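Using the working numbering, you'd call the opening residue of the sequence shown number 29 and step up by one each time. Beta carbons are placed, not taken as given, at the ideal position from N, Cα and C, and that holds for glycine. Since this is a predicted model, take the numbers as computed values, not measurements. One structure is given here, and the rest of the page talks about it.
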Amino acid sequence: MTKRELFQFDLPTLRAQRETPPAGAVPKAAPARGAKRWFPIQWGAVVGADAPRLKPRQAVVNLKRRLALVLMVLALAGAALMVRAIDLQWVSKDFYLDQGDQRYVRDLRIDAPRGTIFDRNGNPLAVSTPVASIWADPSTLKDHMDRIPELARALGVDADSLAQKITQRSEKQFVYLVRHLNPDAAEAILKLGIPGVDKQPEFRRFYPNGEVTAHILGKTNVDDVGSEGLELAFNEYLTGKPGSKSVIRDLHGRAVESYDVDLDVPPKPGRDLNLSIDKNIQYLAYRELMAAIKDHKAAYGSIVVMDATNGEILAMVNQPSFNPNSQNLNIPPKELLDRMRNRAATDVVEPGSVAKAITISAALESGKWKPDSKIDTNPGTWQHYDHIVHDTHNHGLLTVTGVITDSSNVGAAKIGSTLQRDQLWDMFHRFGFGETTGSGFTGESPGNLPIAKRWGPVEQDTISYGYGFSVTPLQLARAYAAIANGGVLYEPTFVKDGGGQGKRIIDKKIADEVLAMLRTVVSPTSTAPKAAVPNYFAAGKTGTSHIAHNGGYRNVYNSVFVGIVPATNPRLVAAVVISGATGTDIVQYMGGTVAAPAFSGVMQGALRLLDVPPDNVKNWYVGGPGPDPLALPTLQPEPAPDGNVVGETETADP
29 MTKRELFQFD
39 LPTLRAQRET
49 PPAGAVPKAA
59 PARGAKRWFP
69 IQWGAVVGAD
79 APRLKPRQAV
89 VNLKRRLALV
99 LMVLALAGAA
109 LMVRAIDLQW
119 VSKDFYLDQG
129 DQRYVRDLRI
139 DAPRGTIFDR
149 NGNPLAVSTP
159 VASIWADPST
169 LKDHMDRIPE
179 LARALGVDAD
189 SLAQKITQRS
199 EKQFVYLVRH
209 LNPDAAEAIL
219 KLGIPGVDKQ
229 PEFRRFYPNG
239 EVTAHILGKT
249 NVDDVGSEGL
259 ELAFNEYLTG
269 KPGSKSVIRD
279 LHGRAVESYD
289 VDLDVPPKPG
299 RDLNLSIDKN
309 IQYLAYRELM
319 AAIKDHKAAY
329 GSIVVMDATN
339 GEILAMVNQP
349 SFNPNSQNLN
359 IPPKELLDRM
369 RNRAATDVVE
379 PGSVAKAITI
389 SAALESGKWK
399 PDSKIDTNPG
409 TWQHYDHIVH
419 DTHNHGLLTV
429 TGVITDSSNV
439 GAAKIGSTLQ
449 RDQLWDMFHR
459 FGFGETTGSG
469 FTGESPGNLP
479 IAKRWGPVEQ
489 DTISYGYGFS
499 VTPLQLARAY
509 AAIANGGVLY
519 EPTFVKDGGG
529 QGKRIIDKKI
539 ADEVLAMLRT
549 VVSPTSTAPK
559 AAVPNYFAAG
569 KTGTSHIAHN
579 GGYRNVYNSV
589 FVGIVPATNP
599 RLVAAVVISG
609 ATGTDIVQYM
619 GGTVAAPAFS
629 GVMQGALRLL
639 DVPPDNVKNW
649 YVGGPGPDPL
659 ALPTLQPEPA
669 PDGNVVGETE
679 TADP
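As structure tokens, this is what we get:
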């Protein structure tokens, strides 16, 4: 037994056992005082069956050690809490703030208005107006289906359709109910207090002139993004940069207050666009085109008015048209797409006799022909290989000028046949046929000018008087603007002061000679007396061509007139193309009857609006007779070379 175990016994009991000797034992003498006493181990008494069990002694508690342990645990816990607090407040602060914001803070998109489109005089042609769209959270609204009929009445829609829409999208959190409402009407719907319904401020494009400018401006889609016309071509320029605003939303998704003004990003409006279009001239062209189509029962038509001095487009109209401010729900989609086409830039026609001015330009440049050179057109027909060229009647012996004046197909074909096909093709190509004009209008057609190596003698004849190739009205206006501007070709532009550098394509003397020939067309004895403009000299050329159909031609015609005014100091050029005119007599559908009057009507108003002085100012002031349209101009000396014109040289003669 160890010493530790020994001292765990009950000392009084051991002492009593020691002092009472067992039976028959001889008593021992008591130890001397102060002697060391040992307790004998009575094994039988201690561990015997009859001996009482001893209680174990309790361990001694160390309070200092226990206190130190508790303090250490508290210190570690405090340190852990401090580390966690540092992590929450500094290390992971952004993460937890973002997680909290996602549960109740939303960023509202603030749409920016598109830039305003103005005409050249500052009149607005397209503006953005504030509207509101009503949207709903189907996951919230589905729990309030009893209010669907009330909401449907406010929206003006069918209740069953609305209920089906919400049910089908019940798992989503956003769906538009109606777009582009008046802000007051949208606010009235919100006052109903229907859970899950809110509004979104937006902008909608408005066009004050409606159909009049529809084909130029085009339109925007429901999201205010350009989809047609100049709205599409200049979409990036016009589009603003949206802003954002952080708000706190309630249980139903409604914004209840701003979250933090420092987080707001203000929207940036789009840039304004100033067009070369003159609203008043645009209206004049639209009015005259509608009248011409109605009077001659035509199918469609186009007018392009251009400033000959710089290529700026002052007006471009088409019929039929469309209203960009309405949804046009009553028009079938196919017909609506047909109405939306800007035919002046996208549709092509065979120009007919209008092309003769280009053929004569090539003839004069070749040196083989002069304005007074003679050409025999007897007997009014000419068989060249297996093709017969026809005139309306026998013009007999003509000069080159007379070919233009009387619009002789035979004369133009004979002149064209004397030229090299590459030379003739090059002249048509220099005038811009067979390629886009560079106006930037989306979807513009380049037309079709077959390459010269594919021409046979017959193709060369027909191209000489305006068949076998196709052009747009915009290309025709551009080509005649080069003649009016002394042989300098400009790229058409829809932007005010956006004209580029001109390019000389023919000598000025040739351009002036051709212009003088074109003046004889606007006379009582020629093909376009109805194109005359009171108090101004006018020049131009008529054209009448069959409309191609299924590889052939049908008895429906394109009536064309391209004119220049004033012819003495050209300022304006206009191309008029009216398609679908019919009749039993050529007079009923020829360009001089159908298209020329529209040219005259537009030019009378346009010259007045632009303050272009009349050719005979004295007679005009006293109310006397206007200028004689048959009087030919005197060719002026060549001006000094213009550094702004590409290809200008010191020598004027070819």
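Cβ separation of residue i and residue j, assumed to be a contact under 8 Å, to the nearest whole Å
i: residue 161; j: residue 200; result: Incorrect: roughly 16 Å between the Cβ atoms, too far for contact.
i: residue 474; j: residue 429; result: Not confirmed; about 32 Å, so no contact.
i: residue 270; j: residue 211; result: Rounded, the Cβ-Cβ distance is 18 Å, inconsistent with contact.
i: residue 146; j: residue 302; result: 5 Å
i: residue 235; j: residue 153; result: 7 Å
i: residue 504; j: residue 431; result: Wrong, their Cβ atoms sit about 19 Å apart, outside the cutoff.
i: residue 335; j: residue 599; result: 7 Å
i: residue 533; j: residue 459; result: 6 Å
i: residue 617; j: residue 594; result: Contact doesn't hold; Cβ gap of about 29 Å is too wide.
Local Cβ density within 10 Å of residue i, reported as buried at 16 or more and exposed below that
i: residue 241; result: buried
i: residue 298; result: buried
i: residue 380; result: buried
i: residue 535; result: buried
i: residue 386; result: buried
i: residue 553; result: exposed
i: residue 330; result: buried
i: residue 696; result: Here the chain covers residues 29 to 682 and nothing more, so residue 696 does not appear.
i: residue 124; result: exposed
i: residue 479; result: exposed
i: residue 109; result: exposed
i: residue 347; result: buried
i: residue 679; result: Residue confidence is low: residue 679 scores 34 on pLDDT, short of 50, so the model does not pin down where it sits. Its coordinate-derived value is still stated next. Result: exposed.
i: residue 582; result: exposed
i: residue 202; result: exposed
i: residue 142; result: buried
i: residue 482; result: exposed
Residue i versus residue j: straight-line alpha-carbon distance, rounded
i: residue 476; j: residue 584; result: 21 Å
i: residue 416; j: residue 511; result: 30 Å
i: residue 688; j: residue 578; result: What is shown of the chain runs 29 to 682, which leaves residue 688 out entirely.
i: residue 364; j: residue 370; result: 12 Å
i: residue 720; j: residue 327; result: Beyond the ends of the chain as shown, which are 29 and 682, falls residue 720; an answer cannot be given.
i: residue 620; j: residue 613; result: 13 Å
i: residue 115; j: residue 102; result: 20 Å
i: residue 138; j: residue 230; result: 8 Å
i: residue 442; j: residue 489; result: 7 Å
i: residue 221; j: residue 214; result: 12 Å
i: residue 233; j: residue 193; result: 28 Å
i: residue 343; j: residue 310; result: 5 Å
i: residue 639; j: residue 633; result: 10 Å
i: residue 317; j: residue 575; result: 19 Å
i: residue 24; j: residue 353; result: Residue 24 lies beyond the range of the chain shown here (29 to 682); nothing can be said about it.
i: residue 93; j: residue 118; result: 37 Å
i: residue 91; j: residue 127; result: 48 Å
i: residue 2; j: residue 97; result: With the chain running from 29 to 682 in the structure shown, residue 2 is simply not present.
i: residue 469; j: residue 368; result: 14 Å
Per-residue DSSP class, three states only, for residue i
i: residue 397; result: coil
i: residue 308; result: helix
i: residue 331; result: strand
i: residue 459; result: coil
i: residue 344; result: strand
i: residue 230; result: strand
i: residue 450; result: helix
i: residue 437; result: helix
i: residue 581; result: strand
i: residue 410; result: strand
i: residue 177; result: helix
i: residue 617; result: coil
i: residue 204; result: strand
i: residue 485; result: helix
i: residue 502; result: helix
i: residue 684; result: Only positions 29 to 682 of the chain appear in the structure, and residue 684 is not among them; the question remains open.
i: residue 564; result: strand
Contact test: residue i Cβ vs the ligand NAP heavy atom, cutoff 7 Å
i: residue 170; result: In terms of ligand content, the structure shown is empty, and the ligand NAP therefore cannot be addressed.
Is the region 589-609 touching the region 554-573 in the sense that three or more CB pairs, one from each, lie closer than 8 Å?
Contact annotation: the region 554-573 touches the region 589-609, with at least three C-beta pairs closer than 8 Å.
Say whether the region 441-454 touches the region 372-392, bearing in mind that this needs 3 or more beta-carbon pairs closer than 8 Å, one atom from each stretch.
Using a C-beta cut-off of 8 Å, the region 441-454 makes contact with the region 372-392, since at least three inter-stretch Cβ pairs fall below that distance.
Taking 8 Å as the cut-off, does the region 500-510 touch the region 401-417 (at least 3 CB pairs, one atom from each stretch)?
The count of Cβ pairs closer than 8 Å, one atom from the region 401-417 and one from the region 500-510, stays below three, leaving the stretches out of contact.
Any contact between the region 482-494 and the region 459-472? By contact I mean 3 or more CB pairs, one from each, below 8 Å.
No, the region 482-494 is not in contact with the region 459-472.
With three or more beta-carbon pairs closer than 8 Å as the criterion, would you say the region 511-530 touches the region 551-565?
Because the criterion of three Cβ pairs below 8 Å is not met, the region 511-530 and the region 551-565 do not touch.
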